[in-house]
Amino acid sequence: MAHFRELTRGHPVIMGRATWASLPARFRPLPGRDNVVLTRTPGFEAAGALVVHGIDEALRLVGDRDAWVIGGGEVYRTFLPLAQRVELTVVSLDVGGDTRAPALDRGTWRRANVDPDHGWHVSSAGGTRYRFESYLRA
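Numbered by UniProt numbering, the letters in the sequence shown go through residues 1 to 138 in order.
Below, the structure written as structure tokens:
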């Protein structure tokens, strides 16, 4: 979470309604960031967040500031054509679920950085292996 916090602090974060709902109540809204919740649900309210109902409205709201799209899958797919940079956390773990980040086209994206350079970080809580990968639009 420290990596996520470091990347997003001070920047708007855009998320779908389900991602907002998945955040523990004590972290809603995410502190130090304008929280923008994108939903098609009329009348939806998210205390402490700005609720929008379309991509154009979200883009007008963040203006020319760098913003981070933090999920879910449909929101990622909607904003990916506009992105200049993608930050992935790759986890060496089989998990259930039905939402995945969209695949990156290797002709469109180039890997700019991997942390660590070789191998994996290992979490102190549970030993999960993970790494951070940065991609820039080619």
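Beta carbons are placed, not taken as given, at the ideal position from N, Cα and C, and that holds for glycine.
Decide if residue i is buried, meaning its Cβ has at least 16 other Cβ atoms within 10 Å, or exposed.
| i | result |
| --- | --- |
| W120 | exposed |
| M1 | exposed |
| G10 | exposed |
| residue 142 | Shown here, the chain extends from 1 to 138; a query on residue 142 therefore has no answer. |
| T39 | buried |
Name the two residues that bound the continuous alpha helix (DSSP H) containing residue i.
| i | result |
| --- | --- |
| R77 | 73-79 |
| R40 | That residue, R40, is in no alpha helix (DSSP H); it is neither H nor E in DSSP. |
For the beta strand (DSSP E) that residue i lies in, which residues bound it at each end?
| i | result |
| --- | --- |
| D115 | 109-115 |
| E133 | 129-137 |
Mind checking whether residue i and residue j have CB atoms under 8 Å apart?
| i | j | result |
| --- | --- | --- |
| P29 | A49 | yes |
| A101 | Y76 | yes |
| V52 | R33 | no |
Is DSSP giving residue i helix, strand or coil here?
| i | result |
| --- | --- |
| R9 | coil |
| W120 | coil |
| T19 | helix |
| I55 | helix |
| V95 | coil |
| L82 | helix |
| L88 | strand |
| L61 | helix |
Determine the closest residue to residue i out of the options, with distance taken between C-alpha atoms.
| i | options | result |
| --- | --- | --- |
| E133 | V95, N113, A67, V62 | N113 |
| P116 | V95, G43, V91, T99 | V91 |
| T19 | H53, G72, A46, P31 | G72 |
| A21 | T8, A46, L59, G127 | A46 |
| L7 | E87, D105, T128 | E87 |
| T78 | G54, G97, V62, D64 | G54 |
| Q84 | E74, D94, L104, G96 | L104 |
| I70 | G63, G127, T89, D64 | T89 |
Please confirm if residue i has its CB atom under 8 Å from at least one CB of chain D.
| i | result |
| --- | --- |
| V95 | Within the model displayed, chain D is absent; a lone protein chain is all it includes. |
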